[in-house]
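Here the structure comes first, spelled out in structure tokens, and everything after it is commentary.
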Ligand SMILES: Nc1ncnc2c1ncn2[C@@H]1O[C@H](COP(=O)(O)OP(=O)(O)O)[C@@H](O)[C@H]1O
Ligand SMILES: [Mg+2]
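Protein chains in written order, with the numbering used here: chain A, 194 to 454; chain B, 30 to 351.
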């Protein structure tokens, strides 16, 4: 019961503590402004170069955008604690660490879903993108699993932030490598083999691939292997991040690296 | 059984200095300290900056692993049973950071109530009680970023008490507060002690330790140099006598000469406006003024007086000797 409360209620309060995106004047431009321009930017590059149609860019960016809140947000949950010097008080509590940190992912995933719906809406309204009604449920499931996988990846960045001083630098690195490597705007077959191999091990890649097929009319059964692969990658990063987190927490108590109090 | 037991606690820090030629250095912050705090006792760890007070507290609240030695709180080992210890202790440290700036005091407390596993139906009354205790009722919905230092400090205290811990660690809680705020906080600490909590308080204010603590350990350079009730510590210098000599400029060699006088326990220099005050602590009752003055030729001497020693003298002597 305690763990459940830490997960849901604690996660929600911590989200507000770290982002304060509750005030609309801050929330709306951050969450919706940048995505709008990102989608238009890549779609018009696509039109200008004539390489891919609008749907390619709308789907790629809409799924990627749902995942960004996860990476930045999770990295911030630990980097931000360093900043406010709340890491010591936090780690002095008996709270279950899994519930404590995973709970913070929930609002981020919800945030990502909203961004994604908005991004698809922009594509439909301002660009040449159509979606059949029956494609919406499988697409939603794919966006959700991609957001989950990216949040797990973000948790890994955050865990490294327990040791590394500048977690924001790492988060930027992570976000831009996902943007480059995961087939958001560049098809994987444009990459040399070794880069494609890395892409296949990152979150987002399989989610975007599945989303493109579904948007083009495929059913969930046609892409379920991609869906499960994306989920598996997410679970892998999540478990690795948790193990690393516990290791750095224990090691930080030995080496006095957690924070000055 | 003692509530807090520290046995031969040691902690060294490894750091590097220098940007170009990096050198590893080891700081021995705590060098083998042992003490016990009984149930309901208010125990003071008194020492100057850098003495190792915070390091000691961090080990006791499980944030730092001792380099060697061991400690138990309510019978639970602080390394092996960290979870058990965390459930039972609260801690408060002086300073402005350590709370979520963008949240209200209420939300800060709600969050930590969750983390300390305070049941949902008890939270509301508990938080209201604590806000009342620390005098933040009415301001609890404001964001902490607008709080004064004193208000933050009181919020820290409320947070430390959320789970009603039987043991409290207060690390220089009045640091940086104005005199009124500090006095209010001391009154609050006294109330907590009366309510039966076991409290370990650190401070570098001698009068604070004197007025609040049942028992004091004086810590200097990572070691406990004296331990006892405030009365006992004063007793250590009670038979002595203090000679104060005002001088206008004094050299270290002269001070060393004074230290060499038989019967002199400690010599300290306090800066005054235009002059310095040489405070000489001497053994029981001996009137050494003449012997001292005769060794000060060359120094411009002003007013000379002598008086009975205070706890401050005891403290200065202890810390100076180490
Ligand atoms: N994280 C750290 N890394 C290196 N040295 C430290 C660290 N924390 C404290 N120290 C050193 O350890 C000594 C004791 O510090 P501390 O326990 O904070 O003393 P106090 O709380 O009594 O002022 C000081 O010399 C301080 O500089
Ligand atoms: Mg300190």
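All C-beta atoms in this analysis are idealised placements derived from N, C-alpha and C, irrespective of residue type, glycine included.
Any non-hydrogen atom of ligand 1 closer than 7 angstroms to residue 219 of chain B Cβ: Mapped onto the second chain, residue 219 of chain B falls at position 190. Result no, Cβ not under 7 angstroms from ligand 1.
Residue 129 of chain B versus A/347, A/207, A/328, residue with shortest Cα-Cα distance: Position 100 of the second chain, counted from the first residue, corresponds to residue 129 of chain B. When only C-alpha atoms are compared, the closest one is A/207.
Proximity test, residue 201 of chain B beta-carbon vs ligand 2 heavy atom, cut-off 7 angstroms: In the second chain, residue 201 of chain B corresponds to position 172, counting from 1. Yes.
N-terminal and C-terminal residue of the beta strand (DSSP E) that residue 227 of chain B is part of: Start at 1 with the first residue of the second chain, and residue 227 of chain B comes out as number 198. That run of the beta strand (DSSP E) goes 227-232.
Exercise answer, beta-carbon shell around ligand 3 heavy atoms below 6 angstroms: Ligands displayed in this structure: ligand 1 and ligand 2; ligand 3 is not among them.
Neighbour-count burial assignment, residue 47 of chain B, 16 or more Cβ in a 10 Å radius: Residue mapping note: residue 47 of chain B aligns to position 18 of the second chain, counting from 1. Exposed, since its Cβ has fewer than 16 Cβ neighbours within 10 Å.
Touch test, the region 366-377 of chain A against the region 394-402 of chain A, Cβ-Cβ under 8 angstroms, three pairs minimum: yes
Status (buried if at least 16 other CB within 10 Å, exposed otherwise) for residue 238 of chain A: For this step, residue 238 of chain A is matched to residue 45 along the first chain. By the 10 Å Cβ count, residue 238 of chain A comes out exposed.
Proximity to residue 140 of chain B [Cα-Cα], best of B/180, B/191, B/123, B/96: Taking the first residue of the second chain as position 1, residue 140 of chain B is located at position 111. It is B/191.
Strand pairing of residue 334 of chain B, partner residues [DSSP]: Walking along the second chain from the start, residue 334 of chain B turns up at place 305. Bridge partners of residue 334 of chain B: B/273.
For residue 120 of chain B, three-class secondary structure by DSSP: Translated into the one-based positions of the second chain, residue 120 of chain B becomes position 91. Strand at residue 120 of chain B.
CB contact below 8 angstroms: residue 207 of chain B versus chain A: Residue mapping note: residue 207 of chain B aligns to position 178 of the second chain, counting from 1. No, residue 207 of chain B does not count as interfacial toward chain A.
8 angstroms Cβ cutoff, residue 94 of chain B in contact with chain A: Taking the second chain and counting its residues from 1, the one referred to as residue 94 of chain B is at position 65. Yes, because at least one Cβ of chain A sits closer than 8 angstroms to the Cβ of residue 94 of chain B.
Cα-Cα separation, residue 239 of chain B to residue 212 of chain B: Residue mapping note: residue 239 of chain B aligns to position 210 of the second chain, counting from 1. Residue mapping note: residue 212 of chain B aligns to position 183 of the second chain, counting from 1. Rounded to whole angstroms, residue 239 of chain B to residue 212 of chain B spans 14 angstroms at the Cα level.
Spatial distance of residue 41 of chain B from residue 93 of chain B (CA atoms): Stepping through the second chain from its first residue, residue 41 of chain B is reached at position 12. Stepping through the second chain from its first residue, residue 93 of chain B is reached at position 64. One C-alpha to the other measures close to 11 angstroms.
Where residue 45 of chain B sits in the DSSP three-state scheme: Position 16 of the second chain, counting from 1, holds the residue named residue 45 of chain B. The answer is strand: DSSP assigns residue 45 of chain B an E or B state.
Residues within the region 107-120 of chain B neighbouring chain A, beta-carbon criterion of under 7 angstroms: 112, 115, 116, 120
Against chain A: residues of the region 143-168 of chain B by CB proximity under 7 angstroms: 143, 144, 145, 146, 149
Residue 91 of chain B burial status per 10 Å Cβ neighbour count (16 or more: buried): The residue given as residue 91 of chain B occupies position 62 in the second chain. Buried.
Residue 298 of chain B (DSSP reduced to helix, strand or coil): Residue 298 of chain B sits at position 269 when you count from the first residue of the second chain. Here residue 298 of chain B sits in strand by DSSP.
At least three beta-carbon pairs within less than 8 angstroms, the region 192-205 of chain B to the region 223-233 of chain B: yes
Interface residues of chain E facing residue 278 of chain A [CB-CB closer than 7 angstroms]: Looking for chain E here will not work: the only protein chains present are A and B.
Nearest residue (CA-CA) to residue 260 of chain A, options A/439, A/304, A/388, A/362: For the purposes of this step, residue 260 of chain A is taken as residue 67 along the first chain, with counting starting at 1. It is A/304 whose Cα lies nearest to the Cα of residue 260 of chain A.
Pair within 8 angstroms by beta-carbon distance, residue 113 of chain B and residue 178 of chain B: Indexing the second chain from 1 puts residue 113 of chain B at position 84. Indexing the second chain from 1 puts residue 178 of chain B at position 149. Going by C-beta atoms, residue 113 of chain B is not nearer than 8 angstroms to residue 178 of chain B.
Outcome for residue 298 of chain B when other beta-carbon atoms lying within 10 angstroms are tallied against a minimum of 16: In the second chain, residue 298 of chain B corresponds to position 269, counting from 1. Exposed, by the Cβ-count rule.
Residue-level contact to chain B via CB, residue 493 of chain A, 8 angstroms cutoff: Because chain A spans 194 through 454 in this model, residue 493 of chain A falls outside it and cannot be assessed.
Alpha carbon of residue 443 of chain A to alpha carbon of residue 96 of chain B, nearest angstrom: Locating residue 443 of chain A in the first chain gives position 250, where the first residue counts as 1. Locating residue 96 of chain B in the second chain gives position 67, where the first residue counts as 1. Straight-line Cα distance between these residues: approximately 14 angstroms.
Status (buried if at least 16 other CB within 10 Å, exposed otherwise) for residue 369 of chain A: On the first chain, position 176 is the one that residue 369 of chain A refers to. The residue is exposed, with fewer than 16 neighbouring Cβ atoms inside 10 Å.
Validate contact between the region 346-356 of chain A and the region 304-318 of chain A using beta carbons, cut 8 angstroms, 3 pairs: no
Short-range partners of chain B found in the region 424-454 of chain A, where Cβ spacing is below 8 angstroms: 446, 447, 448, 449, 451, 454
For residue 193 of chain B and residue 241 of chain B, the rounded distance between their alpha carbons: Stepping through the second chain from its first residue, residue 241 of chain B is reached at position 212. Stepping through the second chain from its first residue, residue 193 of chain B is reached at position 164. Their Cα atoms are separated by approximately 21 angstroms.
Buried or exposed by the 16-neighbour rule on C-beta atoms within 10 Å, applied to residue 498 of chain A: The structure shown does not extend to residue 498 of chain A, since chain A is modelled only from 194 to 454, so the question has no answer here.
Chain A residues whose Cβ lies nearer than 8 angstroms to that of residue 130 of chain B: Locating residue 130 of chain B in the second chain gives position 101, counting from the first residue. Those are 277, listed as they occur along chain A.
is_contact[residue 281 of chain A, chain B] using C-beta, thresh 8 angstroms: Working through the first chain from its first residue, we reach residue 281 of chain A at position 88. True, the Cβ-Cβ gap to chain B drops below 8 angstroms.
Residue-level contact to chain B via CB, residue 286 of chain A, 8 angstroms cutoff: Working through the first chain from its first residue, we reach residue 286 of chain A at position 93. Closer than 8 angstroms to some Cβ of chain B, the Cβ of residue 286 of chain A qualifies, so yes.
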